[in-house]
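For reference, the structure discussed in these notes is given below.
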Amino acid sequence: MAGIYIHIPFCKQACYYCDFHFSTSLKKKDELIQCLVKELQLRKNELQNDTIETIYFGGGTPSLLNRVELELLVNTVYENYPVIINPEITLEANPDDLSNDIIIELSDSPINRLSIGIQSFFERDLKLMNRAHNKNEAKACLSAATQYFNNISIDLIYGIPGLSNEEWITNIETALSFNVPHISCYALTVEPKTALETFIKKGIIDNVDDDLAQEQFHILVDKLETSGFVNYELSNFGKPHFFSKNNSSYWLGKSYLGIGPSAHSFDGDQRSWNVSNNTKYIKSIQKNKLPSEIEILTATDKFNEYVMTGLRTIWGVSLKKVENDFGTNYKKYLLQQSEIYIKEQLLYIDDDKLLTTKKGKFLSDGIASNLFKINLV
Ligand code: SF4
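Numbering-wise (this note's numbering), the sequence shown opens with residue 790 and increments by one.
Next up, the structure:
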């Protein structure tokens, strides 16, 4: 089984914290959509032995596409790839694009899952991050969306400068009041060269407080677990049967094809990525040339990646798999390096699995990087 990710590289305005690839000029939108269709056709033999189980429109802001454009892309997938019956087809959407009429139209399209970028229900936070929507739009779109879709995910951000723990609890409770089955929550991070970084450097916005973010993460886990959600990946919480199939396939090491500027692909042995520039992407695809670079993964790369993704999830790192796929030396190394974290109760071993404890989960990326293998032993 495999997934297809389609990157829609346009946004109405730039959120201050964002370092994804997008353009705020929509001039090339039609041309770019034609190129996405063409890239899907050009790469139809890449996932030879796999059947597609998920299609994911990410961005950028995919909800800037209308139903006809989305259907054109989904139909192109069906025409060129084997697809399972009833695949998960997700549209990332922003609240200001989801009017009642658009939601009704989308509910009658192949899209069967919405991932809505709410981020916060507080006006102050939305302005601080330069989101295009306001709190009323956030609530109105959720009221409408939950009437027409049962598979909805909400994105929220914690650790925003000025967001108190009480306000964070209000955000979580407001999200829960809409009865959605999936919530993704991210700590606000200051990425290089973003407007947020500049504002913090100039003292216009306070810096993010890592300790507060960690506190808010623990509040989140407690609240959502009490409400029946499973924290199946560091940033993702789902009710049973509503874990994101698309995201889970990344963490379980399945293959995926990334279509569009900046999109990444993975086939188990190599990773490739398209150029992060709309004009260059269009020019190249129009000449039937894939604008991508390829990296062949070494055993060490694969091991490191498995440890990193495994520790973020409830599936953990299987010691048997490490031994089978990478050899006894890797398993020994992993157990040796883990010892200190097991003593500190940040990691534990359950049967065959190395997992993060509740206390260790927020720190899983840092812990994983200390378990990485640099050279073969
Ligand atoms: S809408 Fe999403 S992709 Fe676009 S700027 Fe904001 S965070 Fe980035």
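By construction, the Cβ of each residue, glycine as well, lies at the ideal position given by its N, Cα and C atoms. It should be emphasised that the depicted structure is a prediction, and the values quoted were computed from it without experimental measurement.
Residue i CB to nearest heavy atom of the ligand SF4 below 6 angstroms
| i | result |
| --- | --- |
| T843 | no |
| C930 | no |
| F811 | yes |
| G848 | yes |
| C800 | yes |
| C804 | yes |
| C974 | no |
| C807 | yes |
For residue i, the residue or residues it bridges with in DSSP
| i | result |
| --- | --- |
| L943 | The sequence as given places Ile at residue 943; Leu does not occur at that position. DSSP output for I943 lists I905, I972 as bridge partner(s). |
| N1036 | In the DSSP output, where bridge partners are listed per residue, N1036 has none listed. |
| A791 | I841, S1044 |
| I1085 | Q1059 |
| T879 | Y845, R902 |
| T1145 | L1136 |
| E858 | Paired residues: none, contrary to the question. |
| I797 | G848 |
| V872 | I841 |
| F1026 | I972 |
| T1102 | E1022 |
| S1107 | K1142 |
Within 7 angstroms, strictly: CB atoms of residue i and residue j
| i | j | result |
| --- | --- | --- |
| K817 | N1067 | yes |
| T935 | N883 | no |
| Y1130 | I1103 | no |
| Y1045 | F1032 | no |
| Y794 | G951 | no |
| N1063 | S1081 | yes |
| K1120 | E1112 | yes |
| A924 | I961 | One detail in the question is off: residue 924 reads as Lys in this sequence, not Ala. Taking 7 angstroms as the Cβ cut-off, K924 and I961 do not qualify as a contacting pair. |
| K1028 | G1017 | yes |
| Y805 | A984 | yes |
| F1092 | K1162 | yes |
| I892 | A933 | yes |
| I1083 | S1061 | yes |
| I900 | I878 | yes |
| L1023 | S1153 | yes |
| I841 | V872 | yes |
| K833 | N869 | yes |
| G1105 | L1143 | yes |
| H810 | P981 | no |
| Y937 | S898 | no |
| F910 | T963 | yes |
| G1079 | T1145 | Sequence check: residue 1079 is Leu here, not Gly. No, the Cβ-Cβ distance between L1079 and T1145 is not below 7 angstroms. |
| I946 | L977 | yes |
| N855 | R902 | no |
| E986 | V979 | yes |
| K1148 | Q1134 | yes |
| W921 | D944 | One detail in the question is off: residue 921 reads as Ala in this sequence, not Trp. Against a cut-off of 7 angstroms, the Cβ pair of D944 and A921 comes out as no contact. |
Beta carbon proximity, residue i to chain C, threshold 7 angstroms
| i | result |
| --- | --- |
| A929 | Structure shown: chain C not included; a single protein chain is present. |
Near the ligand MG: residue i beta-carbon under 6 angstroms from a heavy atom
| i | result |
| --- | --- |
| L1136 | This structure does not include the ligand MG; its bound ligands are the ligand SF4. |
Review point. Three or more beta-carbon pairs under 8 angstroms between the region 986-1003 and the region 963-972, yes or no?
Key: no
Review point. With a cut-off of 8 angstroms, do at least 3 Cβ pairs link the region 818-836 to the region 1083-1096?
Key: no
Check your understanding: Does the region 841-850 come within contact of the region 799-815, defined as at least 3 CB pairs closer than 8 angstroms?
Key -> yes
Review point. Using 8 angstroms as the Cβ pair cut-off and three pairs as the minimum, do the region 896-916 and the region 946-962 touch?
Key: yes
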